[in-house]
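Here is the structure we will look at.
In the numbering used here, the protein residues as written are 76 to 161.
Put into structure tokens, the structure is as follows:
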């Protein structure tokens with residue numbers, strides 16, 4: 076299986092650094108983790124893709140009639156049902 080080398084903080088392109096900090100802040104608030112999760116870190120190779128994914132995630136999770144916490148709970152339940160290790 077192919078893998079993506081995870082960039083260290085000092086290797087993240089300048090174009091992605093501000094977004095990395097915003098994602099870290101959200102992950103700390105929502106999940107209580109102090110580090111950038113692997114899914115987001117793998118996107119730092121392509122800042123434009125990371126930005127588009129961030130905007131899509133925010134639109135999905137923060138907008139609409141269903142509260143964000145309920146959306147996170149559904150996402151977690153689906154991960155468990157699918158035996159997702161991540």
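Note that the Cβ used here is the ideal one computed from N, Cα and C, for glycine as well.
>> What would DSSP say about residue 143, mapped onto helix, strand or coil?
In response: helix
> In chain order, what residues of the same chain have a beta carbon less than 7 Å from the beta carbon of residue 109, not counting five sequence neighbours either side?
Replying inline: 103
> Whose CA, out of 124, 144, 87, lies closest to the CA of residue 111?
Replying inline: 87
>> Taking the alpha carbon of residue 83 as the reference point, which residue from 117, 136, 100 has its own alpha carbon closest?
In response: 117
> What separation, rounded to the nearest whole angstrom, lies between the Cα atoms of residue 90 and residue 135?
Replying inline: 23 Å
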